[in-house]
Structures are given as C-alpha cells and as structure tokens.
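Participant: Residue 40 is where the sequence shown starts when you use our numbering, and the numbers rise one by one after that.
Dumping the structure here so I can ask a few things about it.
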Amino acid sequence: MIIFNKFPLRINKFSIIILLLITLSLVLLSFFTSQEINSKKSLSKELIATNSAQLQLERFKVFSKKFLIAYNENQSVVYAVKRKEGGIHKVYLDSKNKNPLIEEFIELPKINSRNSLFVLDMSFDNNDIYVSFVGENSKKDECNYFYLYAYNLSNENWKRLFKSTPCIPKLPFHDIGGKIAFNANSIFISGGNIFTIHKNEEIIKNYTDLMEKTNIFGSVVKIDKKSLKSKKISNGHRSPSGLFWDSSRNILWETEHGPRGGDELNLIKNNQDYGWPNVTYGEKYHKKNESDFNTTYNNHEGYKKPFHTWVPSIGVSQIGIIVGNGEFSNYWDNSLIVASLKDRSLYRLRIEKDRLIYSERIYIGERLRSLIITPNLILSSSDKGNLLVIKISKDGLAGGPFPPLKINPYKD
40 MIIFNKFPLR INKFSIIILL LITLSLVLLS FFTSQEINSK KSLSKELIAT
90 NSAQLQLERF KVFSKKFLIA YNENQSVVYA VKRKEGGIHK VYLDSKNKNP
140 LIEEFIELPK INSRNSLFVL DMSFDNNDIY VSFVGENSKK DECNYFYLYA
190 YNLSNENWKR LFKSTPCIPK LPFHDIGGKI AFNANSIFIS GGNIFTIHKN
240 EEIIKNYTDL MEKTNIFGSV VKIDKKSLKS KKISNGHRSP SGLFWDSSRN
290 ILWETEHGPR GGDELNLIKN NQDYGWPNVT YGEKYHKKNE SDFNTTYNNH
340 EGYKKPFHTW VPSIGVSQIG IIVGNGEFSN YWDNSLIVAS LKDRSLYRLR
390 IEKDRLIYSE RIYIGERLRS LIITPNLILS SSDKGNLLVI KISKDGLAGG
440 PFPPLKINPY KD
C-alpha cells in the first residue's frame with residue numbers, strides 16, 4: 040500500500056499493467072499522428088470516355104490543402120509538398136497503383152533560420168529532388184528571394200542552385216511561376232514578370248532598371264548542371280505555369296497565364312522575346328484601366344507568337360508528354376498533355392510536324408496543379424488536396440456517338 044497525504048491508494052499488478060498499456064497506446068498514437076502515416080482509400084472510381092481511349096480515374100484524399108508532386112519512377116514513390124507549410128512527404132502506391140500510404144520524409148531548407156517558405160514547384164531527376172520557392176530574407180517581409188534547391192537522396196543534404204536578383208517585397212508569389220524542367224546537361228526554371236502584374240509607383244518608375252538587373256523575372260533561365268552558371272534564354276513571359284523538356288522533339292515547352300484570355304503554350308527558342316508586357320492575345324481585366332506599360336491587347340505582332348493560345352482562358356497549368364512503351368502510347372503517342380486550373384480539365388494536344396492538329400478536352404472536375412506523365416500512369420494533384428491517378432481502362436469504349444462535353448459546374 041502507498042500513502043499520499045494520509046489517503047490510501049491501492050495499486051496491484053493488474054492496475055499497473057493497464058496503466059502501462061494505456062501509456063504505450065498514447066505514445067504510439069502520438070508517434071503515428073506526428074509522422075502523418077495514413078493509408079488512403081479511394082474517394083471515387085470513374086470511367087472517362089475520350090476520342091480514342093477509355094480512362095479510369097481514381098481520387099485519393101492526401102491533404103486538406105493544395106499541394107505539389109514529383110515522381111520517382113524507379114522507386115514508384117510520389118513526393119508531395121504543401122505550398123505553405125510542412126516538409127516533403129512520401130506517397131507510396133501499391134502494385135495496382137491504389138491505396139496510397141503517406142509518411143513524412145524531409146524538411147525543406149531553412150533560409151536565415153526561418154521556416155516561412157512559399158513553394159512554387161517540385162520535380163525529380165536522377166537522384167535529386169528539385170524544389171523552387173520564395174523565402175524571406177528579413178523579419179519584416181521587405182526583402183524576398185526566389186530560390187532553387189536540390190536534395191540528393193544519396194548525400195541526404197540540400198544544395199542551393201540559384202538565387203534571384205533583385206529582392207522583392209511581399210507579393211502574391213504564385214505569379215512568379217518558378218517551374219522546373221531539365222535535360223541531360225541543364226536545368227530550366229521560369230520566372231513571371233511580377234513587376235507588371237503587381238505594380239506600384241516605385242516599380243513603374245524603375246521598371247527598365249529592374250528588368251536589366253533581374254536574373255529571372257519575366258524570363259526562362261538555363262542552369263548548367265555542373266558549373267551552376269545561369270543565363271536567360273528568353274524573355275517576355277507574364278506568369279509561367281508549366282515547363283517541360285520534350286526529349287522526343289528536343290525542345291522546351293512553356294505554358295503561361297495571359298490576362299483576361301490569352302493563356303499561352305510557347306515553344307521556347309533562344310534569345311526570343313515572347314511579348315509581355317508589350318503585346319498579348321488577352322484583354323484588360325477592366326476596360327477603364329489603362330496599362331502602365333502601353334500594352335497592345337488582342338495582338339502579338341513584332342514578337343515571338345505562342346504555339347497555341349486559349350481564348351477564353353482555361354487557367355493553364357502544368358504540361359507533359361506521352362512517350363515510351365506503355366498503355367498510353369498505344370493511343371496517344373507523342374501527344375502533349377496540358378492541365379488546367381480554371382477549366383478543371385486535361386487537354387490532349389496532337390502535334391504533327393510542329394503543327395497543332397487538334398486539342399481534345401478531357402473534363403476531370405478539379406483544379407489540376409501538378410502533372411506527372413509516365414507510360415502507364417497520369418498523376419495529378421488538385422487544389423482540393425486530392426491525388427488523381429489516371430490509367431487506361433480495361434473496359435473498351437462503348438459504341439455510338441461521342442459523349443457530350445461536360446460543362447464546368449464550379450465557381451472560380
């Protein structure tokens with residue numbers, strides 16, 4: 040018997056065992072909760088008819104907020120990162136590409152011992168995870184930089200590859216774009232012209248000087264993988280939303296948001312000016328507002344024209360291509376796949392001899408942010424926090440007329 044404050048407290052062996060079991064259960068629960076290890080069941084499974092193939096779409100709830108993904112095809116691992124909080128997670132799919140298992144992986148790099156980052160994009164190449172983000176360089180948010188870092192899976196450390204100039208005030212950073220692509224020798228990154236989208240009197244007054252000094256904004260930049268030397272290869276870009284190296288054609292594709300209308304698909308060529316803020320196929324958001332940069336709307340003369348333009352805007356997002364020996368290649372070989380935010384659809388673009396033959400809209404029903412294309416899978420992250428897994432269905436297309444196009448029922 041143990042006595043506290045003269046009150047007897049009887050503890051036998053059975054009570055001790057119960058207390059130990061409860062304590063152990065709480066410790067295990069706390070551990071698994073902190074590790075965010077969850078097995079996710081499918082929210083829905085549906086068939087989508089396209090012009091030439093029947094697709095099977097499954098949706099899995101991964102996070103409660105928008106996130107970005109990259110894919111390690113050798114290990115069949117999806118890397119996922121929220122835009123404004125947390126680190127990188129691993130998402131494992133089973134042999135049937137179902138039942139994703141989520142666990143914490145690594146923290147993002149810290150800038151000046153601060154944890155406040157705005158993630159723009161993430162990609163995977165060979166043994167490296169690339170992440171682009173905006174980090175604050177002061178406690179008052181008065182000086183922010185765009186960074187590109189790489190995490191090597193073997194060395195298990197972060198390495199800085201690029202830092203923007205000049206520093207920028209706190210803005211809606213998503214217009215920077217920061218999209219990542221790569222080939223064997225180079226890394227490519229895109230930077231939106233935030234000086235024209237989020238302008239103030241100081242920026243307008245010093246616009247020419249800012250554009251001469253910046254090493255990223257309004258441009259696509261090429262970084263040598265060995266030396267890490269960077270150079271701008273194109274300019275005139277407004278708000279890049281996708282970037283992809285097409286190894287089958289040996290060219291670089293870029294997508295970007297126009298103003299009101301005028302979303303663009305660009306084929307990037309060295310030393311070309313793609314027009315913004317001088318010209319655009321889009322229109323002013325408000326007819327009464329005059330442009331501070333004398334923009335010519337619904338026109339693209341005198342500058343490199345887009346390969347394709349969407350009017351009205353679809354809220355164009357990431358881009359990929361169908362290549363390799365897989366199920367998708369049997370139907371869509373060498374087609375470009377473009378994701379959209381506003382239109383909540385995928386677009387399949389058939390291109391022959393540098394000419395767009397047709398664009399096929401495939402309605403999905405969610406704002407699609409990241410896009411991964413493999414020979415047998417299409418993966419996308421949505422702003423609802425869902426991971427979308429798309430495969431060719433074993434069920435063939437039904438006969439009869441093509442199904443009617445679905446109208447987007449969502450409000451932006």
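Beta carbons: idealized from backbone N, C-alpha and C, even for Gly.
1) Nearest to N305 by alpha carbon, out of H237, R277 and F221?
2) Would you identify the three-state DSSP class for E240, choosing helix, strand or coil?
3) Going by beta carbon distance, what residues of the same chain come within less than 6 Å of D167, once the five residues before and after it are set aside?
4) Would DSSP call E347 helix, strand or coil?
5) To the nearest angstrom, report how far apart F163 and I127 are at their CA atoms.
6) Once DSSP output is grouped into helix, strand and coil, what is the label at D167?
7) Based on the DSSP secondary-structure assignment, which residues constitute the bridge partners of I226?
8) Of all the options I242, K261, D160 and A223, which has the alpha carbon lying nearest to the alpha carbon of H9?
9) So, L418 versus A378, is the Cβ gap smaller than 8 Å?
10) Please report the distance separating the alpha-carbon of K433 from that of I219.
11) Jot down the residue ranges of each uninterrupted beta strand (DSSP E) in the region 279-364, minimum 3 residues, whole runs only, in chain order.
12) Looking only at its own chain, which residues have a Cβ that is under 7 Å from the Cβ of G404, when we skip the five neighbours before and after it?
13) Taking F234 and I242 to be in contact with their CB atoms under 8 Å, please state how far apart those CB atoms are, rounded to whole angstroms.
14) What number of angstroms, rounded off, separates the C-alpha of L59 from the C-alpha of Q114?
15) Give the DSSP-derived three-state secondary structure of I56 in the structure shown.
16) Rounded to whole angstroms, what's the CA-CA distance from I453 to K343? Just pull it up for me.
17) In the DSSP output, what is R98 paired with across the bridge?
18) Could you check which residue in E112, V117 and N138 has the C-alpha nearest to that of S83?
19) Taking the straight line between their C-alpha atoms, what separation do you get for W197 and L380?
20) For the pair the region 338-358 and the region 281-295, tell me if three or more CB-CB distances fall below 8 Å.
21) State yes or no: is the C-beta of I255 within less than 8 Å of the C-beta of L200?
22) Compute the distance between the beta-carbons of E293 and S398, then report whether it is under 8 Å.
23) Rounded C-beta distance between F99 and L426? I'm assuming under 8 Å.
24) Inspect the beta-carbon positions of I215 and V173 and report whether they are closer than 8 Å.
25) According to DSSP, is E251 helix, strand or coil?
26) List the whole-angstrom C-beta distance separating S409 from L210, where the pair is believed to meet the contact cut-off of C-beta under 8 Å.
27) Which whole-angstrom value describes the C-beta separation of E175 and S155, a residue pair presumed to lie in contact below a C-beta threshold of 8 Å?
28) Drop a sphere of 10 angstroms on the beta-carbon of H347, count the other beta-carbons inside from all chains shown, and report buried for 16 or more, exposed for fewer.
29) Given that a residue counts as buried once 16 or more other Cβ atoms are within 10 Å of its Cβ, and exposed if not, what is I55?
30) When the Cα of P298 is compared with those of N310, I307, R288 and G314, which residue comes out closest?
31) By the 10 Å Cβ neighbour count, where 16 or more other Cβ atoms means buried, how is H296 classified, buried or exposed?
32) Just how far apart, CA to CA, sit K129 and D248?
33) When you compare only the Cα positions, how much space is there between K268 and N224?
34) Just the C-alpha distance for V350 and E303, rounded to the nearest angstrom, thanks.
35) Would you call L416 buried or exposed, if buried means 16 or more other Cβ atoms sit within 10 Å of its Cβ?
36) Around the C-beta of P205, are 16 or more other C-beta atoms found within 10 angstroms, so that it is buried, or is it exposed?
Facilitator: Concretely, from the data shown:
1) R277
2) helix
3) A189 and N191
4) Per the sequence shown, residue 347 should be read as His rather than Glu. It is a strand residue.
5) 12 Å
6) Looking at D167 - three-state DSSP - the assignment turns out to be strand.
7) F221 and I262
8) Absent from the structure is residue 9, since the part of the chain shown begins at 40 and ends at 451.
9) The Cβ atoms of L418 and A378 do not sit closer than 8 Å to each other.
10) Cα to Cα, the separation comes out at about 34 Å.
11) 290-296, 302-307, 347-349 and 355-360
12) R383
13) 5 Å
14) 39 Å
15) helix
16) Any answer about residue 453 is impossible in this case: the structure gives the chain only from 40 up to 451.
17) S83 and L427
18) N138
19) Taking the straight line joining both Cα atoms gives about 31 Å.
20) Contact check between the region 338-358 and the region 281-295: three or more CB pairs, one atom from each, fall below 8 Å, which counts as touching.
21) no
22) no
23) With a contact defined as Cβ atoms closer than 8 Å, F99 and L426 qualify at about 5 Å.
24) yes
25) Correct three-state label for E251: helix.
26) Contact flag wrong, Cβ pair sits at about 22 Å.
27) Their Cβ separation, rounded to whole angstroms, is 6 Å, which keeps E175 and S155 in contact under 8 Å.
28) When all chains shown are included, H347 counts as buried.
29) exposed
30) G314
31) buried
32) 43 Å
33) Between K268 and N224, the C-alpha separation is close to 12 Å.
34) 9 Å
35) Within a 10 Å sphere around the beta-carbon of L416 sit 16 or more other beta-carbons, which makes this residue buried.
36) Burial state of P205 is exposed, judged by a 10 Å Cβ sphere holding fewer than 16 other Cβ atoms.
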